[in-house]
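Student: Line by line, the protein sequences are chains D and W.
Counting in numbering that gives the first Met the number 0, the first sequence runs from 0 upward without gaps.
Counting in numbering that gives the first Met the number 0, the second sequence runs from 0 upward without gaps.
For each residue, glycine too, the CB sits at the ideal point set by N, CA and C.
There are 2 protein chains.
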Amino acid sequence: MTTGVTHVVIVGAGFGGLEAAKALADAPPSVNVTVIDKRNHHTFQPLLYQVATAGLNPSDIAQPIRHIIGRQANCRVLMADVTAVDPAARTLTTTLGPLPYDYLIAATGATHAYFGHDEWERLAPGLKTIEDALDIRRRILLAFERAEASTDPAEQDRHMTFVVVGAGPTGVELAGAIQEIATHTLRGQYRSIDTTASRVVLLEAGPRVLPTFAEKLSTAAADQLRSLGVDVFTDRAVTDIDGKGVDTNEGRIEASTVLWAAGVAASSLGRSLAEGTGAELDRSGRVKVGPSLTLPGFDNVFVIGDLAAATDAKGVTVPGVAPAAQQGARHAVACIEADLDGRPRPRFAYFDKGSMATVGRSRAVVEIRQLRFSGFVAWVTWWLVHIWSLVGFRSRATVMASWAWQYVTRRRDARLITNTPPLDP
Amino acid sequence: MTTGVTHVVIVGAGFGGLEAAKALADAPPSVNVTVIDKRNHHTFQPLLYQVATAGLNPSDIAQPIRHIIGRQANCRVLMADVTAVDPAARTLTTTLGPLPYDYLIAATGATHAYFGHDEWERLAPGLKTIEDALDIRRRILLAFERAEASTDPAEQDRHMTFVVVGAGPTGVELAGAIQEIATHTLRGQYRSIDTTASRVVLLEAGPRVLPTFAEKLSTAAADQLRSLGVDVFTDRAVTDIDGKGVDTNEGRIEASTVLWAAGVAASSLGRSLAEGTGAELDRSGRVKVGPSLTLPGFDNVFVIGDLAAATDAKGVTVPGVAPAAQQGARHAVACIEADLDGRPRPRFAYFDKGSMATVGRSRAVVEIRQLRFSGFVAWVTWWLVHIWSLVGFRSRATVMASWAWQYVTRRRDARLITNTPPLDP
């Protein structure tokens, strides 16, 4: 900082990283910002399940990072992987070479966790990236093609059974959308199978679906799922997954398609941050930071979003949701600006905006502090909030149009199977 | 046919195959139709270059085959690869097992041809499928990312040079669109490079661009390309391609991105049709059929579209364009229906609907028999014809909206780099 230029490096262009970059737009002219991400695009993760279920196109919910912040004069965008951090030397190791920083905002988020069963990843993909969503879309659509091509009833049943493991918001959304595809979208387009006879199974190891919501809403969501035709099982833990089904504590389910929505772990940058500094990681690999959101001993390194295990100044645990990441980003930027002005840093107070999950057509649950409701009004609320939050005007308009179209026709127009070898049952 | 059921198998769901399936919708109830394709979607190839250049999403120009014809009562859709034909036994070998037929309509189209240099395919991809288009999109966008990440001016120049080999309609369209991206879409979003300084080179081995068009239109197209900023070279043959550029008969061009639009070959089903029957293939591997469009000696096997080298009843050579494939399909169906009615088969007369190519924003050439024009009116004509021909209402509306948006803002919203390892210069 003695050079007169302050270089702020932001790793990860998710909700937290992008918010930090934007908040730095009005920083003093001495501030230079670099945003580094291994992808060229920001992904609006709450709607990934719509890509996975053929309702939306990748570019409806993903935008080039350059497009969002590339014209911000003090901001440079690099596409590269960050492999290590050396907080003492204030330098990142990247696939493009070393990158020094004055301030670091680490916001690389989370990935899937298979609880020690990494071999399940190949058999039961999770949903974090556009590639994941396209892989899941391919698996769902191929399963119906395989069922149509088969003449063995048991095999057809297996191809027409879809198991979703984990009943958090993603699992609930996936299960509802697959049921909708089977019951309505694909109806009548096959000759050997009746897609409406498909079976969608949602498995939750805990006692209720949507465990982070109020109990009343868990019950409502389970009822809504069942009314769609989804088989919901709680207290049902997966003990094994192979290419033809899942074993649980209460027996086996034959299914060609198994999707994983059961657990997340912080991305590997957390380990690198801990290694050099002795910082602690929690069970999910998140870096334990105090209410300052800084790496212990390094007040120029902020850890925000899903990469951090944080409590705010009042002792409230900060959850792994987009608004929390964005609030963390604004706090980090406020601290940097306070340092530059010679002011004391502000305290971080997390503001809970509530949470919501959609279950399917016209069905959702919403929880905003003490306000809890479900059904059609909840679904409209969910819809408006998500459309409003989508990055960029065109995405908002296209997604709105796509959904209106889907709602009326029950069509899903992104039903393409790409990057696949020829069908071979 | 003695069973009372006539089974018509259509291989390939391109323009020809789909048209045949639709034409069979009103066939007598004794007719069963199977459409078999190795993909689950029909691709509107004339607009593939828009996906390759980030203007449109895959599902804007590709539709599930089932969605188009899956509800036609006499029609079954199978996703599988056809590996061989045995015309004497009236049976196809497929990845799902043997498939017998009474009538076969072979419509598997064409793929790229590298004139004996198959090793160039990896270095200079062609544009025939959605996967090709996404690969090309990735290469173009990654080239700019690599240029931004580089500090070596020569390397930056190489990354910012795009060579398109072959100046038929696809090559002309690609070159114009890449120039548009570099000049307008990406402008101002990079810090180390000025994308408007990019170089787009169009190489044509023959004496003029758009060689199948009238000479006046070739000149117009070359002028339009040059006015956009494209470097157009004719009589320039490629002698070698490596990862860093192309060698030509008049020297080397350093370029990270080389795209292939120089030649097509019929798909491999042609060889299988010839092997069993002694039918002749032309230089491009197309099956030589008479004006009946049938395999010599097998009047129950029709070969249509890009897979056939055909002349019509008046001796006119049938070109490899979508309307010709569709006319061939309708002829095949008319012959089958004539057989079933005990009538003599009709003669095939090709009707030339004209041809057109777009060069870029507001620029195109159109040739309809003696009517030849270029410029803005040609572009509007091209635009209307292509929108009109797009399969399905939603695609039409979405593409229209996307283009209107692109035209006004010069934005291209599908600029996602997917399925790529981290950047590593």
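Can you look up residue 82(W) in the DSSP assignment and give me helix, strand or coil?
Tutor: Residue 82(W): strand per DSSP, three-state reduction.
Student: I need the straight-line Cα distance from residue 104(D) to residue 13(W), nearest angstrom please.
Tutor: Those two C-alpha atoms are separated by around 50 angstroms.
Student: Would DSSP call residue 253(D) helix, strand or coil?
Tutor: If DSSP states are grouped into helix, strand and coil, residue 253(D) belongs with the strands.
Student: Looking at chain W, is there any beta carbon in it that lies within less than 8 angstroms of the beta carbon of residue 417(D)?
Tutor: Judged by the 8 angstroms Cβ criterion, residue 417(D) is in contact with chain W.
Student: So who's on the other strand from residue 62(D), going by DSSP bridges?
Tutor: Bridge partners of residue 62(D): 41(D).
Student: Does residue 423(D) get closer than 8 angstroms to chain W when you measure Cβ to Cβ?
Tutor: Per-residue confidence for residue 423(D) stands at a pLDDT of 43, beneath the threshold of 50, marking its modelled position as unreliable; the derived number appears in the next sentence. Taking Cβ atoms only, chain W reaches closer than 8 angstroms to residue 423(D), which makes this a yes.
Student: Roughly how many angstroms lie between the CA atoms of residue 99(W) and residue 267(W), to the nearest whole one?
Tutor: About 19 angstroms.
Student: So is residue 157(D) buried or exposed if we call it buried at 16+ other beta carbons inside 10 Å?
Tutor: Burial call: buried.
Student: State buried or exposed for residue 300(W), treating a residue as buried only when at least 16 other CB atoms are found within 10 Å of its CB.
Tutor: Label assigned to residue 300(W): buried.
Student: Nearest-angstrom Cα distance between residue 150(D) and residue 191(D)?
Tutor: One C-alpha to the other measures close to 8 angstroms.
Student: Using the C-alpha atoms, what's the distance from residue 291(W) back to residue 163(D)?
Tutor: Going from the Cα of residue 163(D) to the Cα of residue 291(W) covers about 54 angstroms.
Student: Between residue 69(W) and chain D, is any beta-carbon pair separated by less than 8 angstroms?
Tutor: Yes - at least one Cβ of chain D is within 8 angstroms of the one on residue 69(W).
Student: Report the residues of the stretch 266-291 of chain W with a CB closer than 7 angstroms to any CB of chain D, ordered along the chain.
Tutor: The stretch 266-291 of chain W vs chain D, Cβ under 7 angstroms: nothing.
Student: Using beta carbons (cut-off 8 angstroms, strictly below), is residue 217(W) in contact with chain D?
Tutor: So no, residue 217(W) is outside the interface.
Student: My understanding is that residue 357(D) touches residue 172(D), with C-beta atoms under 8 angstroms, so please give their C-beta distance in whole angstroms.
Tutor: Correct: roughly 6 angstroms between the Cβ atoms.
Student: Since residue 188(D) contacts residue 390(D) with CB under 8 angstroms, what's their CB separation in whole angstroms?
Tutor: Actually they do not touch by this definition, with Cβ atoms about 34 angstroms apart.
Student: Could you list the residues in the stretch 360-373 of chain W with a C-beta less than 7 angstroms from some C-beta on chain D, going in chain order?
Tutor: Taking 7 angstroms as the Cβ-Cβ cut-off against chain D, none of the residues of the stretch 360-373 of chain W qualify.
Student: Cβ of residue 90(W) within 8 angstroms of Cβ of residue 81(W)?
Tutor: No, these two residues do not count as a Cβ contact at 8 angstroms.
Student: Enumerate in chain order the residues of its own chain whose CB-to-CB distance from residue 405(W) is below 7 angstroms, with the five nearest sequence positions on each side excluded.
Tutor: The answer, listed in chain order, is 54, 411.
Student: Any idea which residues DSSP pairs residue 6(D) with across the strands?
Tutor: Answer is 31(D).
Student: What span of residues does the beta strand (DSSP E) with residue 111(D) cover, start to end?
Tutor: Looking at the DSSP string, the run of the beta strand (DSSP E) that includes residue 111(D) is 109-111.
Student: Show which residues of chain W have a CB atom less than 9 angstroms away from the CB atom of residue 77(D).
Tutor: Those are 144, 147, 148, 422, listed as they occur along chain W.
Student: Enumerated in chain order, which unbroken segments of the alpha helix (DSSP H) with a length of 4 residues or greater are wholly contained in the stretch 269-346 of chain D?
Tutor: Complete alpha helix (DSSP H) runs here, min 4: 321-340.
Student: For residue 295(D), which residues from the same chain have a beta carbon less than 6 angstroms from its beta carbon, with the 5 sequence-adjacent residues on both sides left out?
Tutor: So the list reads 278, once near-sequence residues are dropped.
Student: Could you give the first and the last residue of the continuous alpha helix (DSSP H) run that contains residue 136(W)?
Tutor: 129-148 is the span of the alpha helix (DSSP H), which, as asked, contains residue 136(W).
Student: Could you tell me whether the stretch 311-329 of chain D touches the stretch 122-135 of chain D, using the rule of 3 or more Cβ pairs below 8 angstroms?
Tutor: The stretch 311-329 of chain D is not in contact with the stretch 122-135 of chain D.
Student: For the beta strand (DSSP E) holding residue 20(D), just list the boundary residues, first then last.
Tutor: Per DSSP, residue 20(D) belongs to no beta strand (DSSP E); it is in the alpha helix (DSSP H), 14-22.
Student: Quick one: residues in its chain with C-beta nearer than 7 angstroms to the C-beta of residue 332(D), no 5 flanking neighbours on either side, listed in chain order?
Tutor: Contacts found: 19, 22, 23.
Student: Could you tell me the boundaries of the beta strand (DSSP E) in which residue 98(D) lies?
Tutor: Looking at the DSSP string, the run of the beta strand (DSSP E) that includes residue 98(D) is 96-99.
Student: Name the residues in the stretch 110-142 of chain W whose C-beta lies less than 9 angstroms from a C-beta of chain B; which are they?
Tutor: You won't find chain B in this structure, because its protein chains are D and W.
Student: Which value, in whole angstroms, describes the spacing of the CA atoms of residue 402(D) and residue 250(D)?
Tutor: Going from the Cα of residue 402(D) to the Cα of residue 250(D) covers about 38 angstroms.
Student: Run down chain D in chain order and give the residues with a C-beta less than 8 angstroms from the C-beta of residue 403(W).
Tutor: Those within 8 angstroms of residue 403(W) in chain D number zero; the least Cβ separation is about 11 angstroms.
Student: Considering only the beta carbon of each residue, do residue 15(D) and residue 328(D) sit closer than 8 angstroms?
Tutor: Cβ distance < 8 angstroms, so residue 15(D) and residue 328(D) count as in contact.
Student: Name the chain W residues that come within less than 7 angstroms of residue 193(D), Cβ to Cβ?
Tutor: Near residue 193(D) there are no residues of chain W at all, since even the closest Cβ is about 13 angstroms away, more than 7 angstroms.
Student: When you compare the CB positions of residue 79(D) and residue 35(D), do they come within less than 8 angstroms of one another, or not?
Tutor: A contact, by the Cβ cut-off of 8 angstroms.
Student: Kindly indicate the opening and closing residues of the beta strand (DSSP E) around residue 102(W).
Tutor: Residues 102-105.
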